[in-house]
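So my numbering is basically just the index in the sequence shown, starting at one, shifted up by 10.
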Amino acid sequence: MTQITNHMPTKELQALDAAHHMHPFTADADLAKKGARIITRAKGVYLTDSEGRQIMDGMAGLWCVNIGYGRKELAQVAARQMEELCYYNTFFQTSHVPAIALAAEIAKLAPGDLNHVFYAGSGSEANDTNIRLVRRYWEVKGQPERNIIISRWNGYHGSSMGSGSLGGMKPIHAQGGLPIPDIHHIGQPYWYGEGGNMSPEEFGLARARLLEEKIQELGPERVAAFIGEPIQGAGGVIIPPATYWPEIQRICDKFGILLIADEVITGFGRTGKWFGSEVFGIKPHIMTIAKGLSSGYAPIGGSIVCDEVADTVGGAGDFNHGYTYCGHPVAAAVALRNLELLQEESILDHVNNVAHPYLNERWKALEEHPLVGEACLIGLMGSIALTPDKATRAAFATEPGTVGLRCRERCFANNLVMRHVNDRMVIAPPLVITPEEIDVFIERATKSLDECYAGLKADGLLKAAA
Ligand SMILES: *Cc1c(COP(=O)(O)O)cnc(C)c1O
């Protein structure tokens with residue numbers, strides 16, 4: 011067998027990658043021409059690539075490596091669990107210690123009566139569970155016609171058939187016949203991009219009231235649930251106006267529909283609280299979790315379910331749903347140790363008292379940059395809007411994403427990972443980032459913005475869309 015090692019020349023690795031590895035959300039043919047960047051190791055907030063470059067990871071992987079890279083405690087617990095019980099299922103009236111202990115810990119951390127965990131291998135799988143769970147709930151309640159789930163345009167809930175349908179990403183819907191039936195979308199609470207002349211507060215209310223309008227249009231007896239991310243992540247780190255979530259909550263309560271908070275990014279300290287719902291006073295019936303649950307060290311996700319929904323579904327015979335790896339013992343043991351470390355090391359306190367205040371001060375100061383229309387940050391998830399005209403919050407005349415991509419490429423060149431969503435730059439660094447590392451982050455980000463700005467100027471691209 012060919013041995014794939016870190017010591018193979020980059021070019022050979024890239025050629026094998028191009029020949030055999032299909033990448034997610036990628037045009038493989040284009041990537042094959044330039045070759046993938048190959049990451050070989052990582053420690054703390056730094057990645058190392060196959061050329062030996064040290065790159066600061068401003069995205070914690072894909073918003074997941076909350077505890078930082080290279081924690082031996084997590085490697086050790088995985089090895090120990092694999093030796094003791096590498097796998098067993100939880101389908102046929104069996105259970106095992108890691109699945110039990112992790113569920114109990116999650117129930118302890120989750121607010122209110124969110125006391126039950128249905129495991130999945132990822133956020134997408136968990137949201138597929140949620141579709142089946144809320145529909146099953148209303149069936150058991152004798153209202154099978156209540157099967158519609160309302161979600162938001164530009165929300166992200168995963169990319170499987172179900173979760174991709176819940177999400178409101180048009181490029182996902184455009185391929186493969188999504189959305190599935192009985193999923194409907196309403197406008198997002200993106201004031202900066204869509205709020206026009208309204209104040210953020212007015213706009214937040216207006217966007218929340220789209221939910222009420224949609225419920226009335228579809229028939230209140232048809233609507234099962236509403237799902238939303240407390241803060242949209244993949245949509246561009248969009249922090250809703252303060253008026254938005256209380257109004258959504260009021261409308262869900264008024265019509266008695268279930269509220270699902272997709273906490274896949276906002277969970278486990280990302281916002282400075284255990285869950286983003288706590289930031290906005292949201293009281294969901296179900297939370298979707300993944301990513302930071304294990305800090306990305308093992309693939310695991312799940313749904314945290316309230317007493318009423320769990321008892322109703324659980325009291326009505328078999329719920330015909332499950333994944334081979336529900337509560338996988340190695341992943342569960344790693345996730346549990348991750349949650350313990352977050353607590354033992356008071357990492358949420360670090361976010362709230364050290365990392366957020368310092369990064370916020372330096373991040374907000376980027377609003378002085380000629381290219382930056384707004385800079386926002388909650389906990390350690392943030393974004394900046396790039397604009398050719400600060401006063402009008404204008405978009406660029408170029409195809410959306412052109413400028414963001416140019417900025418991201420300057421970041422890569424300066425050894426910083428920042429992602430772009432259209433022409434917003436987004437960040438979500440590991441929660442353990444120190445003030446010294448934040449200085450490096452801001453220095454590289456500023457240099458990248460400067461270079462991007464100079465390039466746009468030289469190419470005559472600092473023009474606003476008509
Ligand atoms: C990443 C993400 C998902 C999907 O999780 P996967 O583990 O990639 O399937 C779902 N919801 C949100 C909010 C996410 O950010």
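All C-beta atoms, glycine included, are put in the ideal place defined by N, C-alpha and C.
Stretch-stretch touch, CB-based, cutoff 8 Å, three pairs: the stretch 336-348 with the stretch 304-323: yes
Of the listed residues Ile299, Tyr254 and Arg260, nearest to Thr276 (C-alpha basis): Ile299
Taking only the alpha-carbon atoms, compute the straight-line gap between Gly186 and Gly168 and give it to the nearest angstrom. 15 Å
His17: buried (16+ other C-beta within 10 angstroms of its C-beta) or exposed? exposed
Applying the 10 Å Cβ sphere with the 16-neighbour rule, what's the burial state of Gly325? exposed
Looking at C-alpha atoms only, which residue of Pro398, Tyr335, Pro34 and Ile48 is the closest neighbour of Glu22? Ile48
If you measure between the beta carbons of Asn477 and Ile77, is that distance less than 8 Å? The chain is shown only over 11 to 476; residue 477 falls outside these bounds and no answer can be derived.
Cβ contact check for the stretch 424-433 and the stretch 47-66: 3 or more pairs under 8 Å: yes
Cβ shell of Leu188 (< 7 Å), same chain only, five flanking positions each side left out: Met171, Gly174, Ser175 and Ile182
Does ligand 1 have a heavy atom nearer than 7 Å to the CB of Trp255? no
First through last residue of the alpha helix (DSSP H) which encompasses Ala42: Asp38 to Lys44
Take Ile249 and list the residues in its own chain whose beta-carbon comes closer than 7 Å to its own, dropping the five residues that flank it on each side. Ile241, Cys386 and Ile388
Would you check if the stretch 308-318 and the stretch 39-57 touch, i.e. whether three or more CB-CB distances between them fall below 8 Å? no
Span of the alpha helix (DSSP H) holding Ser134? Gly133 to Val150
Residues near Cys262 in its chain [Cβ-Cβ closer than 7 Å; skip 5 each side]: Phe236 and Leu269
Keeping to the same chain, check which residues put their C-beta closer than 7 Å to that of Arg146; ignore five residues upstream and five downstream. Val323 and Phe329
Just to confirm my understanding: we take Lys374, look at its own chain, exclude 5 residues before and 5 after, and list those with CB closer than 6 Å. What are they? Ala385
Local conformation of Thr298 per DSSP, three classes: strand
Of the choices Leu72, Ala130 and Ile110, whose alpha-carbon is the least far from that of Tyr335? Ala130
Could you check whether Gly197 and Leu220 sit closer than 8 Å to each other, using their CB atoms as the reference points? yes
Quick check on Met179: does DSSP put it in helix, strand or coil? coil
Alpha helix (DSSP H) segments (min. 4 residues) lying fully within the stretch 62-115: 70-73 and 82-94
Using the rule of at least 16 other Cβ atoms within 10 Å of the residue's Cβ for burial, across every protein chain shown, is Glu51 buried or exposed? Glu is not the amino acid found at residue 51; the sequence shown has Arg there. Answer is exposed; the Cβ neighbour count stays below 16.
Rounded C-alpha distance that separates Leu390 from Val361: 7 Å
Label Asn207 either buried or exposed according to how many other C-beta atoms from any shown protein chain fall within 10 Å of its C-beta, with 16 as the threshold for buried. exposed
Exposed or buried, what is Gln226 when buried is set at 16 or more other beta-carbons lying within 10 Å of its beta-carbon? exposed
Spatial neighbours of Val436 in its chain, beta-carbon cut-off 8 Å, leaving aside the 5 residues before and after: Met69, Gly243, Gly246, Val247, Met391, Gly392, Ser393, Met428, Arg429 and His430
Between Lys118, Val274 and Arg260, which has its C-alpha nearest Trp73's C-alpha? Val274
Starting from the C-beta of Leu466, find all residues in its chain whose C-beta is less than 6 Å away, skip the five residues before and the five after it, and write them out in chain order. Leu472
Helix, strand or coil, according to DSSP, for Asp469 in the structure here? coil
Please classify His31 as buried or exposed, where buried requires at least 16 other C-beta atoms within 10 Å of its C-beta. exposed
What is the rounded straight-line gap between the Cα of Gly337 and the Cα of Phe101? 10 Å
Taking the beta carbon of Arg90 as the centre, do at least 16 other beta carbons fall within 10 Å, making it buried, or is it exposed? exposed
Reduced DSSP secondary structure (H/G/I, E/B, other) of Leu220: helix
When you compare each of Ala234, Cys462 and Gly165 to Lys151 by their alpha carbons, which one comes out closest? Ala234
Starting from the Cα of Thr20, find the closest Cα among Thr36, Ala407, Lys400 and Asp59 and give me that residue. Asp59
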